[in-house]
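Engineer: My questions will all concern the structure given below.
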Amino acid sequence: MKDVVFGKFSAQIPDRQGHFPDKAAGHEVVLILLSARSNHPLGIFGPGYQQVGDYMTKMQNHLSKNADKFGYLGHTTWIEANGRTTANAVMTATYFRTVEELHKFAHSPLHKKVWRWWNSIAKTHPHLSINHEMYHAPEDCWETIYANCHPVGMAATETKVMVTDDPVEPEYRTDGSENSKEIGFDPYEAPVTPA
1 MKDVVFGKFS AQIPDRQGHF PDKAAGHEVV LILLSARSNH PLGIFGPGYQ QVGDYMTKMQ
61 NHLSKNADKF GYLGHTTWIE ANGRTTANAV MTATYFRTVE ELHKFAHSPL HKKVWRWWNS
121 IAKTHPHLSI NHEMYHAPED CWETIYANCH PVGMAATETK VMVTDDPVEP EYRTDGSENS
181 KEIGFDPYEA PVTPA
């Protein structure tokens, strides 16, 4: 039960100064799903698959160290459980503040280096699969709902803001917590309009 946030909660993204929005989904968000799979008979031990993972780790570490430069919010990695019995597909859900900042990373020297490497081995390693899907959710067009969860997905992101050098992690308001800051939104509670 370590790190489980009890009750119902929603993750929200603060602005660059550290202020949380007055309403749920108060800022746009970009989600890119990155996947890799080895279709080789040796699965994860097939040629090149370790390098795919190593490059992914390098890119995630680079994003974490340069989060403010690229608008990077965080990521969660999943292993596919139902696609094939080998279960060797990995997907990373990665969050950015804006499409422009995601594109800035896509055109960065490290990503270009990785893309050149991929292009150099694609014909000799047809057993390797990679893909991405990118989604842009404007303000007011997304939601997050969690119940009795450890922080995962958007709830596992953190944001460096201009008012401090320390990362600001999401704060939670749940129906079972003692968090008095009232951060977050109950998705089943109607908003109260001041009189």
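Going by UniProt numbering, the first residue of the sequence shown is number 1, and it counts up by one from there.
Cβ atoms here follow ideal geometry from the backbone N, Cα and C, with glycine treated the same way.
For His125 and Pro41, which I take to be in contact (beta-carbon distance under 8 Å), what is that distance rounded to the nearest angstrom?
Structural biologist: Rounded, the Cβ-Cβ distance is 14 Å, inconsistent with contact.
Engineer: Roughly how many angstroms lie between the CA atoms of Glu28 and Phe6, to the nearest whole one?
Structural biologist: Their backbone Cα atoms lie some 27 Å apart in a straight line.
Engineer: Starting from Trp115, trace the alpha helix (DSSP H) in both directions and tell me its first and last residue.
Structural biologist: From DSSP, the alpha helix (DSSP H) with Trp115 extends over Pro109 to Ile121.
Engineer: Classify Ala81 as buried or exposed, calling it buried when 16 or more other Cβ atoms lie within 10 Å of its own Cβ.
Structural biologist: Result: exposed.
Engineer: Can you tell me which of the three DSSP states Thr159 falls into?
Structural biologist: Thr159: strand per DSSP, three-state reduction.
Engineer: Return the chain-ordered ranges of every beta strand (DSSP E) run that is complete within the segment 7-57 and spans a minimum of 3 residues.
Structural biologist: Correct list: 29-38.
Engineer: Under 8 Å, do Ile32 and Thr159 count as touching if we go by C-beta distance?
Structural biologist: Not in contact: Ile32 and Thr159 (Cβ atoms no closer than 8 Å).
Engineer: State yes or no: is the C-beta of His127 within less than 8 Å of the C-beta of Ser38?
Structural biologist: Yes, these two residues count as a Cβ contact at 8 Å.
Engineer: Using the rule of at least 16 other Cβ atoms within 10 Å of the residue's Cβ for burial, across every protein chain shown, is Tyr49 buried or exposed?
Structural biologist: Looking at its Cβ environment, which holds 16 or more other Cβ atoms inside 10 Å, Tyr49 is buried.
Engineer: Per the DSSP calculation, Thr94 is bridged to which residue(s)?
Structural biologist: In the DSSP output, where bridge partners are listed per residue, Thr94 has Ile32 and His75.
Engineer: For my contact list, Thr94 and Leu34 are in at a C-beta cut-off of 8 Å; report their separation, rounded to the angstrom.
Structural biologist: Right, the Cβ-Cβ distance comes to about 6 Å (below 8 Å), so this counts as a contact.
Engineer: Going by Cα to Cα distance, which pick from Ala25, Gln17 and Gly53 is closest to Asp68?
Structural biologist: Residue Gln17 is the option with its Cα nearest to Asp68.
Engineer: Would you mind stating whether Ala36 and Met56 have Cβ atoms separated by less than 8 Å?
Structural biologist: Yes, these two residues count as a Cβ contact at 8 Å.
Engineer: Alpha carbon to alpha carbon, how far is Phe45 from Ala89? Give it in angstroms, no decimals.
Structural biologist: Looking at the two C-alpha atoms, the distance is approximately 13 Å.
Engineer: Less than 8 Å separating the beta-carbons of Val4 and Met134?
Structural biologist: Not closer than 8 Å, so no.
Engineer: Could you tell me the alpha carbon to alpha carbon distance between Ala147 and Ala155, rounded to whole angstroms?
Structural biologist: C-alpha separation (whole angstroms): 11 Å.
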